[in-house]
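Each residue of the sequence shown is one higher than the last, beginning at 30 in this note's numbering. Read through the structure below, which is laid out as structure tokens, and then see the notes.
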Amino acid sequence: MTIVQKEEQLFSFISRYQSALVAFSGGVDSAYLAFAAHRVLGERARAVTALSPAVSDFQRKIAIDFAQQYGLNHHLIETREMENPDYTGNPSNRCYFCKTELYSRLEKLRKQWSMDVIFDGSNVDDVSDYRPGRKAAREREVVSPLMEVGIHKEEIRALSCKLDLPTWDQPAMPCLSSRFPYGVQITDKKLGQVERAEAFLRDLGLCNFRVRHHENLARIEVDRSEMARLLDPQLFEQISSHLKSVGYDYVTLDLEGFRSGSLNEALKNDCRKKRTGS
30 MTIVQKEEQL
40 FSFISRYQSA
50 LVAFSGGVDS
60 AYLAFAAHRV
70 LGERARAVTA
80 LSPAVSDFQR
90 KIAIDFAQQY
100 GLNHHLIETR
110 EMENPDYTGN
120 PSNRCYFCKT
130 ELYSRLEKLR
140 KQWSMDVIFD
150 GSNVDDVSDY
160 RPGRKAARER
170 EVVSPLMEVG
180 IHKEEIRALS
190 CKLDLPTWDQ
200 PAMPCLSSRF
210 PYGVQITDKK
220 LGQVERAEAF
230 LRDLGLCNFR
240 VRHHENLARI
250 EVDRSEMARL
260 LDPQLFEQIS
270 SHLKSVGYDY
280 VTLDLEGFRS
290 GSLNEALKND
300 CRKKRTGS
């Protein structure tokens, strides 16, 4: 099946519903889905963006600008996952508690607005990754149209490019809490540190990167194609100075480069040790 045929199936799938509430973060997947739902359902599709300390101002602006550009029926809400110690304690299933908070609030809105369904932007590739948030989606009967019609991440980018959506080549934008190793307590202050550190690197022109928060140490992961730009003693000094000004004592560059979900590597290593008995 071609991606154009998959897109036609997506539109057909969405049209089964009279109305839909779309969980819209402003990322590649949810932006494409929100656009598609708006094309099929018009004002009967409502895109809802959740805001919390774990959502950067940069990400919020992308969502708002996209919604305004394409005339989406867009709403901003606040979520309170930071009030839940099960979330801030940062266990390996942290995303479950975040998504439970999100979908609980979206369900209240769905009922209040008398809408048929809640959509999220999960795609086929999400099945192969560690995604505890999927459990929360299943528990609340959230529907994933992109997954239902078999659309992969790269196909979403290709379809978004065909539509000239500005998000087509956008790097993944998980919440700021994803920068913390499991077990490290998450606080508003620490989230602010990460946000300011990443904003500085973004202002330097870096595109695909993360600042991983290891308490007093910041570990920078950057795509290997961009790493050469950082191998400048003067730039080293600028980055180190700025990240120390936001609260870090040590600043390091990860020589393995950027890896999406790299903090899950520790989980995989633990599983291997249990299997081998080492």
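All C-beta atoms, glycine included, are put in the ideal place defined by N, C-alpha and C.
Cβ shell of residue i (< 8 Å), same chain only, five flanking positions each side left out
| i | result |
| --- | --- |
| C236 | P200, D252 and E255 |
| T196 | G55, G56, V57, A60, Y61, I91, F95 and S189 |
Outcome for residue i when other beta-carbon atoms lying within 10 angstroms are tallied against a minimum of 16
| i | result |
| --- | --- |
| R301 | Residue placement at R301 is flagged as unreliable, the pLDDT there being 45, under the threshold of 50; the coordinate-derived value follows with that caveat. Exposed. |
| F87 | exposed |
| S84 | Per the sequence presented here, residue 84 reads as Val, with Ser not at that position. Classification of V84: buried, given that the 10 Å Cβ count is 16 or more. |
| E112 | exposed |
| K257 | A quick correction: the sequence has Ala, not Lys, at residue 257. By the 10 Å Cβ count, A257 comes out exposed. |
| G162 | buried |
| R231 | exposed |
| C190 | exposed |
| V156 | exposed |
| D261 | exposed |
| P174 | buried |
| P82 | buried |
| T216 | exposed |
| L284 | exposed |
| R139 | buried |
| S207 | buried |
| K176 | Note that residue 176 corresponds to Met in the displayed sequence, not to Lys. It is buried - the Cβ of M176 has at least 16 other Cβ atoms within 10 Å. |
| M144 | buried |
| E266 | exposed |
| K218 | exposed |
| R167 | exposed |
| R45 | exposed |
Assumed close pair residue i, residue j - CB separation to whole angstroms, cut-off 8 Å
| i | j | result |
| --- | --- | --- |
| V213 | E244 | 7 Å |
| E184 | I43 | Rounded, the Cβ-Cβ distance is 16 Å, inconsistent with contact. |
| R73 | Q47 | 7 Å |
| E136 | I147 | 7 Å |
Reduced DSSP secondary structure (H/G/I, E/B, other) of residue i
| i | result |
| --- | --- |
| Y61 | helix |
| R186 | helix |
| H67 | helix |
| Y279 | strand |
| R75 | strand |
| L101 | coil |
| R139 | helix |
| P240 | A small fix is needed here, since residue 240 is Val in this sequence, not Pro. In the structure shown, V240 sits in a strand (DSSP, three-state: E or B). |
| L296 | A caution first: L296 carries a pLDDT of 42, below 50, which makes its placement in the model too unreliable to give a value. |
| A49 | strand |
| F209 | coil |
| R258 | helix |
| S264 | Ser is not the amino acid found at residue 264; the sequence shown has Leu there. Of the three classes helix, strand and coil, the one that applies to L264 here is helix, per DSSP. |
| R288 | coil |
| R225 | helix |
| A83 | coil |
| R160 | coil |
| E170 | coil |
| R248 | strand |
| I180 | coil |
| I215 | coil |
Within 7 Å, strictly: CB atoms of residue i and residue j
| i | j | result |
| --- | --- | --- |
| L39 | V178 | yes |
| F238 | F287 | yes |
| Y132 | R109 | no |
| L101 | A63 | yes |
| A60 | T78 | no |
| G150 | D58 | yes |
| L105 | R75 | no |
| S121 | Y211 | yes |
| A228 | L272 | no |
| E37 | L80 | no |
| L194 | L205 | no |
Other residues of its chain near residue i: CB distance less than 6 Å, five sequence neighbours each side excluded
| i | result |
| --- | --- |
| K164 | Y125 |
| D278 | N245 |
| H103 | A76 and A96 |
| G56 | M202 |
| R248 | R241, T281 and D283 |
| D115 | F126 |
Nonlocal neighbours in the same chain, by C-beta distance under 7 Å from residue i, ignoring five residues either side
| i | result |
| --- | --- |
| I180 | K35, L39, N152 and V153 |
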